[in-house]
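Line by line, the protein sequences are chains G and A. When we follow the working numbering, the leftmost residue of the first sequence carries the number 477, and every step to the right adds one. When we follow the working numbering, the leftmost residue of the second sequence carries the number 477, and every step to the right adds one.
2 protein chains.
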Amino acid sequence: MIEESTLAQIKQKLRAYNLKATQQRLVIYKALQATEGHPTAEQLYEMVSKDNPSLSLGTLYKTLEAFVAVQLIKKVACEDGAMRFDANLSTHNHIFCTNTQEIIDFEDKELHTLITAFLKRKNIDNFEMTDFQLQINGQKVNPKKKVQIT
Amino acid sequence: MIEESTLAQIKQKLRAYNLKATQQRLVIYKALQATEGHPTAEQLYEMVSKDNPSLSLGTLYKTLEAFVAVQLIKKVACEDGAMRFDANLSTHNHIFCTNTQEIIDFEDKELHTLITAFLKRKNIDNFEMTDFQLQINGQKVNPKKKVQIT
DNA sequence: TTACTAACTAAGAATTATTCTTAAATAGCA
DNA sequence: TGCTATTTAAGAATAATTCTTAGTTAGTAA
Ligand SMILES: [Mn+2]
Ligand SMILES: [Mn+2]
Ligand SMILES: [Zn+2]
Ligand SMILES: [Zn+2]
């Protein structure tokens, strides 16, 4: 979906944000970027732990927080109580299955244009909008199959 | 904004969902309904505790959970880690201030119609949508003043 | 190169938000 | 008015996240 960055590109990004390009950060960013879904910190920890058994959960949380702060990744609040993380920075929305707790990306330029245009017309006083996020709730019919937008 | 229910009406609703109309439940529902904002469980606890010092936090959580289950109220996941609760069942969206962590209701029939119509056109395969929720992020210019939609 | 140092990490303790357990209380019904 | 399934209070337990601190390292500069 998204083209993944090379190691050099990631290092460059980190430097641009005044973040040292540590092994841990590179590993975490690459793992998140390689993930199709929207993993919790714990899930991401499982993924990176295999090849990096000494990487600690505290570092993972701290790293994710740092990435969110500089907007290298996004944080998605989820009704099940755990935060999810998303390396997909393109403007996109989310489909949420209330059964499986899956978050599925829903990229649609037209929808985005539609909402943007609408909000531009409205006057929201005393508020500076930075972005918006549409969450479509429901449930997968067959939980084993993928959700397809056509 | 929303017309608040009378005690009798609330009791009736609870009975309709096979929930006993206990003092605690009535107090909690009335408190949430009377609230302009979208309080956390803890905030709601502060509110009801004043007049009901024996009502426990565990009961509050359990009650809110029961209300959400029967769809008497809604739960709103928030980036700060705590869930917020909303007695406003009308289809409406939320403006979120990333500074003050406030959630402000944004009711707009036109917007809702717009998005509904769009989604109806799209085919989301293997998924049954129940509802959707737009969150507009940004920050209040003057944190002490209200956000006004004009 | 090597040395320096501010930034970072590992480990585990602490905190916060929420859920669970259990004995006592009570709403609704007979 | 009594019965009983449901609910509550209190506190323990758990889950998610943050904090603390001593040791490590990336980047810089001699
Ligand atoms: Mn509301
Ligand atoms: Mn939590
Ligand atoms: Zn996404
Ligand atoms: Zn609301």
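Think of the CB as a built atom: it goes at the ideal place given N, C-alpha and C, for glycine as much as any other residue. Just so it is clear, the structure is predicted and the values come from calculations on it, not from any experiment.
Expected contact under 8 Å - CB spacing of residue i and residue j to nearest Å
i                : j                : result
ASP601 (chain A) : GLN624 (chain G) : 4 Å
HIS570 (chain A) : VAL544 (chain A) : Between VAL544 (chain A) and HIS570 (chain A) the Cβ distance is about 16 Å, and since that is not below 8 Å, they are no contact.
ALA542 (chain G) : MET523 (chain G) : Actually they do not touch by this definition, with Cβ atoms about 18 Å apart.
LYS489 (chain A) : LEU548 (chain A) : 6 Å
LEU587 (chain A) : PHE594 (chain G) : 6 Å
ILE591 (chain G) : PHE603 (chain G) : So it is not a contact: roughly 16 Å between Cβ atoms.
VAL472 (chain G) : LEU531 (chain G) : Nothing about residue 472 (chain G) can be reported from this structure: the residues present for chain G run from 477 to 626 only.
Neighbour flag for residue i against chain G, beta carbons, 8 Å
i                : result
THR626 (chain A) : yes
ALA553 (chain A) : yes
LEU536 (chain A) : no
GLU472 (chain A) : A question about residue 472 (chain A) goes unanswered here, because the residues of chain A that appear run from 477 up to 626.
LYS496 (chain A) : no
LEU508 (chain A) : no
LYS487 (chain A) : no
LEU610 (chain A) : yes
Contact test: residue i Cβ vs ligand 3 heavy atom, cutoff 7 Å
i                : result
HIS631 (chain G) : The question about residue 631 (chain G) has no answer here: the residues shown for chain G are numbered 477 through 626.
ASN494 (chain G) : no
ASP584 (chain G) : no
ASN448 (chain A) : Residue 448 (chain A) falls outside the range modelled here, since chain A spans only 477 to 626, and no answer is possible.
ASP556 (chain G) : no
ASP527 (chain A) : no
ASP581 (chain G) : yes
Chain G contact residues for residue i, given Cβ-Cβ distances below 7 Å
i                : result
ASP607 (chain A) : ASN613
GLU583 (chain A) : Within 7 Å Cβ-Cβ: nothing; GLU583 (chain A) doesn't reach chain G, min ~12 Å.
LEU520 (chain A) : Here the premise fails: no neighbours, minimum Cβ distance about 17 Å.
CB contact below 8 Å: residue i versus chain A
i                : result
LYS526 (chain G) : no
ILE549 (chain G) : no
GLU480 (chain G) : no
ASP562 (chain G) : no
ASN575 (chain G) : no
ILE600 (chain G) : yes
beta-carbon residue i near ligand 4 non-hydrogen atom, thresh 7 Å
i                : result
HIS568 (chain A) : yes
ASP601 (chain A) : no
ASP607 (chain G) : no
Amino acids of chain A, ordered along the chain, whose beta-carbon sits closer than 7 Å to that of residue i
i                : result
PHE594 (chain G) : LEU587, LEU590
PHE603 (chain G) : ILE571, GLY614, LYS616, VAL617, VAL623
task: Report yes or no: do the segment 530–539 of chain A and the segment 568–575 of chain A share at least 3 C-beta pairs separated by less than 8 Å?
output: Taking 8 Å as the limit for Cβ pairs, the verdict is that the segment 568–575 of chain A does not touch the segment 530–539 of chain A.
- prompt: Do three or more CB pairs link the segment 578–591 of chain G to the segment 550–567 of chain G at distances below 8 Å?
  reply: The segment 550–567 of chain G and the segment 578–591 of chain G touch, with three or more beta-carbon pairs separated by less than 8 Å.
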